[in-house]
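> Got a structure for you, written out below as structure tokens; questions coming shortly.
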């Protein structure tokens with residue numbers, strides 16, 4: 044039944060892309076869908092882009108394995124979207140048109156800023172794409188019961204082709220409809236499973252938490268802070284670093300920020316973000332109940348035995364909610380849950396490929412030609428989807444049998460250390476110069492890339508990517524506590540070294556567009 048559900052979803056979603064994709068050579072239609080989505084639909088699409096398969100499977104696993112620390116992680120994801128809503132959403136929509144490069148080049152025109160923004164966009168999203176694609180093979184193997192490496196690789200390649208089709212054919216509007224379908228299925232099926240789990244414990248959350256702690260093997264520590272990072276040299280600082288990375292990084296990843304440009308006005312952005320935050324908050328409640336339910340009904344040791352990262356906890360918790368004797372209706376519901384997770388994998392990668400392809404076509408290739416025709420730029424965007432998707436498929440087949448947690452962390456660290464400082468400075472600091480922008484993006488990225496190989500996610504741990512090696516020298520699991528301040532410091536230093544004349548010139552240029560960026564007086568390209 045799961046195979047039938049997967050096939051039906053893949054067919055329907057591809058058909059939706061074909062039916063709703065741009066039927067003429069209009070860049071606004073391909074890149075933003077003309078801003079034709081209502082606030083509710085746009086908000087659900089934002090929530091769909093924000094809740095990736097890594098969020099569903101990874102967060103559910105952390106909750107099932109580490110209890111309290113997993114709940115804090117889930118709340119951090121909701122806080123991250125609220126940060127985007129209150130601080131960056133409206134200025135991003137006002138300053139940009141199609142890509143993050145547009146928003147940054149509003150003040151600092153030139154190819155260097157756009158090309159660097161494109162490079163950081165791809166660097167931040169490619170690791171997440173690998174995680175989703177590799178996770179597809181693992182999900183199908185778990186649900187359908189096969190273990191052959193060749194079959195998993197075939198699933199990755201086949202679904203990668205499908206996701207490239209989503210991005211190239213559907214454009215922004217087509218992928219938005221898939222995100223809406225995904226979030227409705229994910230939340231709808233999750234709410235039913237969460238209700239079944241609570242019903243097993245007489246609707247008493249306290250009884251659920253106590254049962255999870257009893258079967259966790261950690262006792263009361265399961266419900267207290269610090270279990271996830273207890274083995275590190277500085278557990279408290281490590282937890283702060285992790286939460287800071289999630290809060291700043293999740294809000295600024297390019298496949299999420301690109302949804303700001305689909306709103307037709309500042310008011311629409313606010314209303315869309317309200318729907319998005321509500322959807323993510325509901326997801327946090329659902330994944331918390333299912334994660335604790337998995338720990339209580341399945342047991343922490345069983346979950347860790349199947350997958351040390353706990354990525355199957357969401358599905359195991361859903362399966363356990365039905366009990367030993369499963370009716371036809373419950374079988375159908377579990378199929379809906381697995382199909383929703385499968386659709387989450389499809390939609391997440393489709394949105395990420397679209398963000399990378401848009402940036403590559405619009406920020407790199409289109410800027411080389413003074414006046415590029417819309418037909419040619421749209422063709423370039425579709426070819427770029429292929430250019431991004433094919434290497435992602437190949438790399439995913441190479442990393443599928445290793446721990447993928449370092450790749451997830453790498454994406455969030457790049458978002459927090461390079462993209463977040465660039466957006467904050469670029470949208471709000473009057474003296475910020477082109478040199479400061481380049482220093483922020485390059486310096487923040489280099490800090491992450493240099494520090495990340497030294498974490499225990501890469502080596503020195505039985506659950507690391509290279510458990511047979513040990514070159515772990517960095518004392519934290521994530522780089523955020525060091526790389527985020529370095530990203531901001533690089534931007535400040537680059538601006539200061541630009542000289543007073545450049546700073547004053549940039550200040551005057553910012554004042555000329557300040558009304559557009561902060562108040563939406565005029566939108567670029569209108």
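Residue numbers (the numbering used here): 44 to 569. Don't be surprised by glycine CBs; every beta carbon is placed ideally from N, CA and C. In this text, all values refer to a predicted model and were calculated from it rather than measured experimentally.
(1) Going straight from the alpha carbon of residue 177 to that of residue 288, what length do you get?
(2) Drop a sphere of 10 angstroms on the beta-carbon of residue 570, count the other beta-carbons inside from all chains shown, and report buried for 16 or more, exposed for fewer.
(3) Determine the burial state of residue 137: buried for a count of at least 16 other Cβ atoms within 10 Å of its Cβ, exposed for fewer.
(4) Rounded to a whole number of angstroms, what is the C-alpha to C-alpha distance between residue 457 and residue 529?
(5) Determine the extent of the alpha helix (DSSP H) in which residue 285 is found, giving its start and end residues.
(6) Measuring alpha carbon to alpha carbon, tell me which of 376, 102 and 432 ends up nearest residue 165.
(7) Shortest alpha-carbon distance to residue 537 belongs to which of 480, 519 and 547?
(8) Out of 340, 158, 356 and 424, which one is the CA nearest neighbour of residue 113?
(9) Determine the burial state of residue 276: buried for a count of at least 16 other Cβ atoms within 10 Å of its Cβ, exposed for fewer.
(10) Using DSSP with H/G/I as helix, E/B as strand and the rest coil, what is residue 502?
(11) Using three-state DSSP, classify residue 244 as helix, strand or coil.
(12) Going by beta carbon distance, what residues of the same chain come within less than 6 Å of residue 517, once the five residues before and after it are set aside?
(13) What three-state label does DSSP hand residue 509 in the structure shown?
(14) With 16 as the cutoff for other CB atoms within 10 Å, does residue 444 come out buried or exposed?
(15) Compare the C-alpha of residue 455 against each of 421, 399, 478 and 521 and name the closest.
(16) Would you identify the three-state DSSP class for residue 434, choosing helix, strand or coil?
(17) Quick check on residue 401: buried or exposed, where buried means 16 or more other Cβ atoms within 10 Å of its Cβ?
(18) Check whether the Cβ atoms of residue 391 and residue 97 lie closer than 9 Å to each other.
(19) Which of the three DSSP states, helix, strand or coil, is assigned to residue 535?
(20) According to DSSP, simplified to helix, strand and coil, what is residue 84?
(21) Using DSSP with H/G/I as helix, E/B as strand and the rest coil, what is residue 476?
According to the data block:
(1) Going by the C-alpha atoms only, they are around 23 Å apart.
(2) Given a span of 44 to 569 for the chain in the structure shown, any question on residue 570 remains unanswerable.
(3) Its Cβ being crowded by 16 or more others within 10 Å, residue 137 is buried.
(4) Each residue's Cα considered, the two are about 12 Å apart.
(5) For residue 285, the enclosing alpha helix (DSSP H) starts and ends at 278 to 295.
(6) The shortest C-alpha to C-alpha distance from residue 165 to any of 376, 102 and 432 is the one to 432.
(7) For residue 537, the closest C-alpha among the options 480, 519 and 547 is that of 480.
(8) Checked all of 340, 158, 356 and 424; the closest Cα to residue 113 is 356.
(9) Residue 276 should be labelled exposed.
(10) In the structure shown, residue 502 adopts extended strand secondary structure according to DSSP, grouped into three states.
(11) In the structure shown, residue 244 sits in coil (DSSP, three-state: anything other than H, G, I, E or B).
(12) The residues 494, 497 and 498, in chain order, have a CB closer than 6 Å to that of residue 517 in the same chain once the five nearest residues on each side in sequence are set aside.
(13) Strand, per DSSP.
(14) It is exposed - the Cβ of residue 444 has fewer than 16 other Cβ atoms within 10 Å.
(15) The shortest Cα separation from residue 455 among 421, 399, 478 and 521 belongs to 521.
(16) In the displayed model, residue 434 falls within a helix according to three-state DSSP.
(17) Buried is the call here.
(18) In contact: residue 391 and residue 97 (Cβ atoms closer than 9 Å).
(19) If DSSP states are grouped into helix, strand and coil, residue 535 belongs with the helices.
(20) In the three-state scheme derived from DSSP, where H, G and I count as helix and E and B as strand, residue 84 is classed as helix.
(21) DSSP, reduced to helix, strand and coil, places residue 476 outside both helices and strands of the structure shown, so it counts as coil.
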